[in-house]
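Accompanying notes for the structure given below.
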Amino acid sequence: MHGRPRQRAAGETSGAENDKELSKVAELQELIPSILHNHRTCCYTKEALMQNAKLLELNPEFYTAWNFQKRAVQHLLLSETDEEAHKRIVKEELDLVYRALKVNHKSYGAWHHRKWVIALGLSPLDSEFTLLSKVLKLDARNFHSWDYRRFAVRMKGVPINEELQFTTEKINENFSNYSAWHNRSALLSELYRNETGGKEIVQGRLEEEFDLVKNSFFTDPNDQSAWFYYSWLLGQVVAPVGPELNGTWPPHTSELVIECSEEPTHLSITCTCPLQRVTSFVSSGVPLLLSFTEAVTGVNNETVTVHSEPEVRELSKLSWRPVGFSQEFSQTWATEVRFQIKDDKSLLLSELTNFTVDIVVAVVPGIVSPGGQPMQGPVKCSKVSFHFGTTDNAAKKTIGEELMAKQLGAIGLVEEETSKGENQTQIKAGAWQVKILETEIESILELLKIEPDSKWAQLTLIRLLTARESFSRSRSERPADEVEKLQKLQGLLRELTHIDLPHSEYYQHEQSLLILREVVLDLERPTEPQHLSSLLNLRSSSLYTLGCFEHFLWVQHLDLSNNHLRSTHGFEALQLLENLNISHNQILSFTALAPLALLPLLRILNISFNEIGAHPIDTCRVLIPSNLSNHFMSQVLAGNKEVNPWEVQLVFQNMNLTDLDLTGNPVVNSSKFMKALTAVLPSTTLHTNESSECK
Amino acid sequence: MATLHLQKHVDYIKSLDKKSDFDSLVTEHLRMSGAYWGLTAMDLMGHLADMDANEIVAWLLKCQHDCGGFGGNHGHDPHVIYTLNAVQILALFDKLNAVDADKIASYIAGLQNEDGSFAGDEWGEIDTRFSYCAICCLSLLKRLDKIDLKKATDFVARCKNFDGGFGCTPGGESHAGQIFCCVAALAIAGALHHVDKDLLGWWLCERQVKSGGLNGRPEKLPDVCYSWWVLSSLVIMNRVHWIDKKKLEEFILDCQDSENGGISDRPDDAVDVFHTFFGVAGLSLLEYPGVKAIDPAYALPVDIVDRIFYGQENGFTDKL
Numbered sequence: 001m002h003g004r005p006r007q008r009a010a011g012e013t014s015g016a017e018n019d020k021e022l023s024k025v026a027e028l029q030e031l032i033p034s035i036l037h038n039h040r041t042c043c044y045t046k047e048a049l050m051q052n053a054k055l056l057e058l059n060p061e062f063y064t065a066w067n068f069q070k071r072a073v074q075h076l077l078l079s080e081t082d083e084e085a086h087k088r089i090v091k092e093e094l095d096l097v098y099r100a101l102k103v104n105h106k107s108y109g110a111w112h113h114r115k116w117v118i119a120l121g122l123s124p125l126d127s128e129f130t131l132l133s134k135v136l137k138l139d140a141r142n143f144h145s146w147d148y149r150r151f152a153v154r155m156k157g158v159p160i161n162e163e164l165q166f167t168t169e170k171i172n173e174n175f176s177n178y179s180a181w182h183n184r185s186a187l188l189s190e191l192y193r194n195e196t197g198g199k200e201i202v203q204g205r206l207e208e209e210f211d212l213v214k215n216s217f218f219t220d221p222n223d224q225s226a227w228f229y230y231s232w233l234l235g236q237v238v239a240p241v242g243p244e245l246n247g248t249w250p251p252h253t254s255e256l257v258i259e260c261s262e263e264p265t266h267l268s269i270t271c272t273c274p275l276q277r278v279t280s281f282v283s284s285g286v287p288l289l290l291s292f293t294e295a296v297t298g299v300n301n302e303t304v305t306v307h308s309e310p311e312v313r314e315l316s317k318l319s320w321r322p323v324g325f326s327q328e329f330s331q332t333w334a335t336e337v338r339f340q341i342k343d344d345k346s347l348l349l350s351e352l353t354n355f356t357v358d359i360v361v362a363v364v365p366g367i368v369s370p371g372g373q374p375m376q377g378p379v380k381c382s383k384v385s386f387h388f389g390t391t392d393n394a395a396k397k398t399i400g401e402e403l404m405a406k407q408l409g410a411i412g413l414v415e416e417e418t419s420k421g422e423n424q425t426q427i428k429a430g431a432w433q434v435k436i437l438e439t440e441i442e443s444i445l446e447l448l449k450i451e452p453d454s455k456w457a458q459l460t461l462i463r464l465l466t467a468r469e470s471f472s473r474s475r476s477e478r479p480a481d482e483v484e485k486l487q488k489l490q491g492l493l494r495e496l497t498h499i500d501l502p503h504s505e506y507y508q509h510e511q512s513l514l515i516l517r518e519v520v521l522d523l524e525r526p527t528e529p530q531h532l533s534s535l536l537n538l539r540s541s542s543l544y545t546l547g548c549f550e551h552f553l554w555v556q557h558l559d560l561s562n563n564h565l566r567s568t569h570g571f572e573a574l575q576l577l578e579n580l581n582i583s584h585n586q587i588l589s590f591t592a593l594a595p596l597a598l599l600p601l602l603r604i605l606n607i608s609f610n611e612i613g614a615h616p617i618d619t620c621r622v623l624i625p626s627n628l629s630n631h632f633m634s635q636v637l638a639g640n641k642e643v644n645p646w647e648v649q650l651v652f653q654n655m656n657l658t659d660l661d662l663t664g665n666p667v668v669n670s671s672k673f674m675k676a677l678t679a680v681l682p683s684t685t686l687h688t689n690e691s692s693e694c695k
Numbered sequence: 001m002a003t004l005h006l007q008k009h010v011d012y013i014k015s016l017d018k019k020s021d022f023d024s025l026v027t028e029h030l031r032m033s034g035a036y037w038g039l040t041a042m043d044l045m046g047h048l049a050d051m052d053a054n055e056i057v058a059w060l061l062k063c064q065h066d067c068g069g070f071g072g073n074h075g076h077d078p079h080v081i082y083t084l085n086a087v088q089i090l091a092l093f094d095k096l097n098a099v100d101a102d103k104i105a106s107y108i109a110g111l112q113n114e115d116g117s118f119a120g121d122e123w124g125e126i127d128t129r130f131s132y133c134a135i136c137c138l139s140l141l142k143r144l145d146k147i148d149l150k151k152a153t154d155f156v157a158r159c160k161n162f163d164g165g166f167g168c169t170p171g172g173e174s175h176a177g178q179i180f181c182c183v184a185a186l187a188i189a190g191a192l193h194h195v196d197k198d199l200l201g202w203w204l205c206e207r208q209v210k211s212g213g214l215n216g217r218p219e220k221l222p223d224v225c226y227s228w229w230v231l232s233s234l235v236i237m238n239r240v241h242w243i244d245k246k247k248l249e250e251f252i253l254d255c256q257d258s259e260n261g262g263i264s265d266r267p268d269d270a271v272d273v274f275h276t277f278f279g280v281a282g283l284s285l286l287e288y289p290g291v292k293a294i295d296p297a298y299a300l301p302v303d304i305v306d307r308i309f310y311g312q313e314n315g316f317t318d319k320l
């Protein structure tokens, strides 16, 4: 019952109202059994139809009565051969739906019945538009009416531009019509998809949209409708159309020294990369990682080509796997280069024993996002040198020193020579975007002069400025200026937190992403060699979320203590991670740690002083899909031992931890959990109280 | 500061079965849903044992048709919504063995269309609500392999909008109820990569209005039922802290009928079992003391879901 006042006692209802309700009760009690009987016995007499119509007018939600009605129509149409009779039958149905909609214009059953009748093709469509203008006048936000309108538009084949005009009319009647703005976004997207006249036409259209929507929020800056639409428009201008490759490991121009490790089946790998960070670890093979701007599928031998000089056959047959819980989509993809280890501990790859390999990972189209958007932009590649075989310590040192001496300016990925031309047009496109952003920043600043406390205007300004920063980055700005701008943006977000306190955690999430951008800038600055290690220290950094993973693929030791993190979502990208300190955060459950189960090298995990075991609602429980649909989960649960609670098994079963610190989490007081942990992690040292932490 | 009148709500739900007034007659076609709402609320409040499981299951079985689907009541046509509700009720009572899972699964599989969408019944109405019903129900029955799950999730993804939300069909406007259906269906199917969590999370947290209540679309009135639709979606995406939980709790408690029990859509409106369930379920997600934890995707108590999938009876904190 929506929007009906509560009656404290039955006596408060007026006598007349009471009588009316009583008579309806009597009517329904008589109608329902007889209609269900008619339905069962396929009785479509005039009497039966009249009764059914009466019931539907009393209660348009009685779905079985609509089903009866459809069977009756089928029966009647078959029993009449005359076209006029058919039209009359259909007309009567549409009249019945109309009467039902007058009782309840949000009845799913009534609207669907109308579609079903219209789809018979025996009635003119124009009258449907007359009905629609009537109902949309009564309630301009009724999503059933809008849905029906889209149906009628499709049936009649109304051109997109004409329908777009209708939404303009609706918006001009009332700016606050979110349904119309929504429909507009859907129509424009369709229009852009079909636009063959070039980018300029789409750009011109977008500029017109900005004018329309600004008109709206300058009229009422507190109405959400226009702001959401504006936010989408902004995305249309600045967001890349499809996924892009944004990071690799080993990074471009890095040099790897590969030897046999003390463990006879494992390799010892040392990577020196252009940021001059030396990463050293032991693994069964050399991992190769690709990171994308969003989850993608289609990463395989055809879309990723690995060239080597001299040619190594094995490298053209690498099998790529998604890093994550989905078997299909992931933001990070991984593979391993395996070497043959001989008895004398020398390494062999493709019958060769001693050489340098240049690998080019070139990502070509064929890789798509969940929305089906293909990979965009120029072909990118990453050149990496492998050294193994006779490389002795002296040679290793030379390689490292040479690289450090280079002080390489080239960071990240390079674009392949052939795609330079394409790049030129991209820069030109960037100019249009910067122009739009400048205009919009001015408009919003103007609005903020009149409405200094409008959270919508303030948030929009921050987004516009952030977008402008991203675009000006490629124009080789001084890092110091960039840091200053990022800090200014953070200041604006802090102000916003005060204006709109209930959403402060959302703004702090946004703030965290800016903080991380600053961290990334800092990492890109040339540093003294002695400060270079594979440690990333982010302790006490006011982080509510972690992102920018593509910049942290090299990290082996990560200190995230004293932040506000609630999960380790996305951490699976950090495939080289060995030591993670995430103590003093807001991790609520073991399932929040599930991504860590995908880190093969993780040995030391400190999750002390979080809130594991303190909350009945586990907000990460569903982020790991249930066992029926998920390969990973079914693998874990198919393990030979059934561990209760399942969360412990899911997260820890495949981990190879030497140390796990759980101090300060309520869960340590549960003998059941601790018993399960000990069973799953027999060779791990568990720390559960402060004294053990002090050691 | 208001508190939850738990016993009054329990008594209110118990009283519903005997009523034959106008309200119960106009909702007679969806009695299966009514039973699911009432019984789940009772379980969340720790009073499921007050209900006569045998009597309810016997009535429920009478609502099943030869095709395997369930109607909203005895004598009413089968529909995917009531089929899910029936399975949820059987799950509550640990009586899933009382039905032929394969038969139900084949009914549901028969409703899937070539494009991956689901019809609600033989009459072909298409809606992502039905995608949720199908996926949730088959998952509970451990029969997800009976449908083309990839096509099913791809169809849901096609209903994604400019605001990150989802509509009934491709092109349909975002609506919090619909968003729950789509996000929960994708969660169960392991396809949350289709959800733009930051964009949708922002849109959902903006559903909170000054009174603390949540609305279902921009510029609409708040309503207790969105305490479930919005909140569960935010919990699934691990972004529930983006709203003011305390103020929402106050709003829900304000919608209680403190004299006669039950919860309404807004303060001082008439109560019903639908809003009573969604109010209690909302409080559960807000970790209100004395209310059991609910699973945000299956819309069943966590211990029931754990029993089905992991053979483990207790929820996370109960295990402690």
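Protein chains in written order, with UniProt numbering: chain A, 1 to 695; chain B, 1 to 320.
Idealized CB from N, CA, C, for every residue including glycine.
Please read these numbers as outputs of a predicted model, since none were measured by experiment.
inquiry  = For A/K342, count the other beta carbons within 10 Å of its own beta carbon; 16 or more makes it buried, fewer makes it exposed. Which is it?
reply    = Counting Cβ neighbours within 10 Å, A/K342 comes out exposed, since fewer than 16 surround it.
inquiry  = Using the Cβ count rule (16 or more neighbours within 10 Å means buried), how would you classify A/C42?
reply    = Under this definition A/C42 is an exposed residue.
Sequence-distant residues of the same chain with beta carbon closer than 7 Å to B/Y226, five excluded per side = Spatial neighbours of B/Y226 in its own chain (CB-CB distance under 7 Å, excluding positions within 5 residues in sequence) are listed in chain order as A176, R207, L214, N215 and G216.
ask   = So, helix, strand or coil for A/A10, using DSSP?
value = With a pLDDT of only 46 at A/A10, under 50, the local geometry of the prediction cannot be trusted, and no value is derived from it.
Under 7 Å by beta carbon: chain A residues contacting B/W123 = Within 7 Å Cβ-Cβ: N67, K70 and W116.
query = Who does A/G197 pair with in a DSSP beta bridge?
reply = The partner list for A/G197 (beta bridge, DSSP) is empty, contrary to what the question assumes.
inquiry  = In whole angstroms, give me the CA-to-CA distance for A/K214 and A/P452.
reply    = So the two alpha carbons sit approximately 17 Å from each other.
ask   = Under 9 Å between C-beta atoms, does B/E287 make it to chain A?
value = Cβ-Cβ to chain A under 9 Å: yes for B/E287.
message = For A/A592, report the span of its beta strand (DSSP E) as first-last.
response = Counting along the chain, A/A592 falls outside any beta strand (DSSP E), and DSSP gives it neither H nor E.
ask   = Under the rule that 16 or more other beta-carbon atoms within 10 Å means buried, what is A/G409, buried or exposed?
value = Because A/G409 sits at a pLDDT of 36, beneath the cut-off of 50, its placement in the model cannot be relied upon, and the following sentence gives the value as read from the coordinates. Classification of A/G409: exposed, given that the 10 Å Cβ count is below 16.
query = Where does A/D661 sit, in a helix, a strand or coil, going by DSSP?
reply = Strand.
inquiry  = Against chain B, does A/S107 count as a neighbour if the rule is that its beta carbon must be under 9 Å from one of theirs?
reply    = No, no contact with chain B.
ask   = Where in the stretch 478 to 506 of chain A do unbroken runs of the alpha helix (DSSP H), each at least 4 residues long, occur, reported from the N-terminal end onward?
value = Complete alpha helix (DSSP H) runs here, min 4: 479 to 499.
request  = Quick one: which unbroken alpha helix (DSSP H) runs of 4-plus residues sit fully inside the stretch 20 to 98 of chain A? Chain order, please.
outcome  = For the alpha helix (DSSP H) assignment, the uninterrupted runs of no fewer than 4 residues enclosed by the stretch 20 to 98 of chain A are, from N- to C-terminal side, 46 to 58 and 63 to 79.
query = Can you name the start and end residues of the beta strand (DSSP E) that B/F93 belongs to?
reply = In the DSSP annotation of this structure, B/F93 is not part of any beta strand (DSSP E), being labelled neither H nor E.
key: Minimum Cβ-Cβ distance from B/W203 to chain A less than 9 Å   = Answer yes: the Cβ-Cβ gap between B/W203 and chain A drops below 9 Å somewhere.
query = Going along chain B, which residues have a C-beta under 8 Å from A/R566?
reply = Residues of chain B with a Cβ closer than 8 Å to the Cβ of A/R566 are, in chain order, N238 and H241.
query = Touch check for the stretch 29 to 38 of chain B and the stretch 76 to 85 of chain B: three-plus C-beta pairs under 8 Å?
reply = Judged by Cβ distances under 8 Å, the stretch 29 to 38 of chain B makes contact with the stretch 76 to 85 of chain B, as three or more pairs qualify.
Inter-residue Cα distance where the pair is A/K345 and A/V282 = Straight-line measurement puts the Cα of A/V282 at about 15 Å from the Cα of A/K345.
Same chain, Cβ closer than 8 Å to A/L437, neighbours up to 5 away in sequence not counted = Answer for A/L437: V237, V238, L464, A467, R468 and F471, listed in chain order.
ask   = What are the residues of the stretch 27 to 42 of chain A that lie near chain B, defined by any Cβ-Cβ distance shorter than 9 Å?
value = Residues of the stretch 27 to 42 of chain A whose Cβ lies closer than 9 Å to any Cβ of chain B, in chain order: L28, Q29, I32, P33, L36, H37, H39 and R40.
ask   = With DSSP run on the structure shown, which of helix, strand or coil describes A/H584?
value = The three-state reading of DSSP puts A/H584 in coil, since its state is none of H, G, I, E or B.
query = Residues of chain A with a CB under 9 Å from the CB of B/Q208: which are they?
reply = Within chain A, the residues placing a beta-carbon under 9 Å from that of B/Q208 are P502 and H503, ordered along the chain.
task = Just the chain B side, please: which residues come within less than 8 Å of A/Q373 by C-beta, in chain order?
result = The contacting residues do not exist; A/Q373 stays about 12 Å from chain B at best.
message = Is the beta carbon of A/Y108 closer than 9 Å to that of A/E61?
response = Against a cut-off of 9 Å, the Cβ pair of A/Y108 and A/E61 comes out as a contact.
inquiry  = Nearest by alpha-carbon distance to A/E208: which of A/A334, A/L188 and A/C620 is it?
reply    = The shortest CA-to-CA distance from A/E208 to any of A/A334, A/L188 and A/C620 is the one to A/L188.
task = For A/V135, I'd like the list of residues in its chain whose CB is within less than 8 Å of its CB, leaving aside the five on either flank, ordered along the chain.
result = L101, H105, N142 and S145, listed in sequence order.
query = A/N640 CB to nearest chain B CB: under 9 Å?
reply = Annotation note: pLDDT 39 at A/N640 (below 50); position unreliable, coordinate value reported separately. Against chain B, the CB of A/N640 has no partner CB under 9 Å away; the residue lies outside that interface.
Distance, A/N194 Cα to B/G71 Cα = Rounded to the nearest whole angstrom, the CA to CA distance from B/G71 to A/N194 is 44 Å.
inquiry  = Runs of 4 residues minimum, wholly inside the stretch 193 to 256 of chain B: which ones carry the alpha helix (DSSP H) assignment?
reply    = If we require 4 residues or more, the alpha helix (DSSP H) runs fully inside the stretch 193 to 256 of chain B come out as 197 to 205, 225 to 236 and 245 to 254.
query = Quick one: does A/L489 have its CB under 9 Å from some CB of chain B?
reply = So, not an interface residue.
request  = Can you say whether A/K641 is buried or exposed, counting buried as having 16 or more other CB atoms within 10 angstroms of its CB?
outcome  = Note on A/K641: pLDDT 45, under 50, position unreliable in the model; no value is reported.
ask   = chain B partners of A/K156, CB-CB under 7 Å?
value = Under the 7 Å cutoff, chain B gives no residues; its nearest Cβ is about 15 Å from A/K156.
ask   = Does the distance from the C-beta atom of A/G197 to that of A/H551 stay below 9 Å?
value = No, the pair does not count as a contact, with Cβ atoms beyond the cut-off.
key: Run of the alpha helix (DSSP H) containing B/D23, from where it starts to where it stops   = For B/D23, the enclosing alpha helix (DSSP H) has its first and last residue at F22 to V26.
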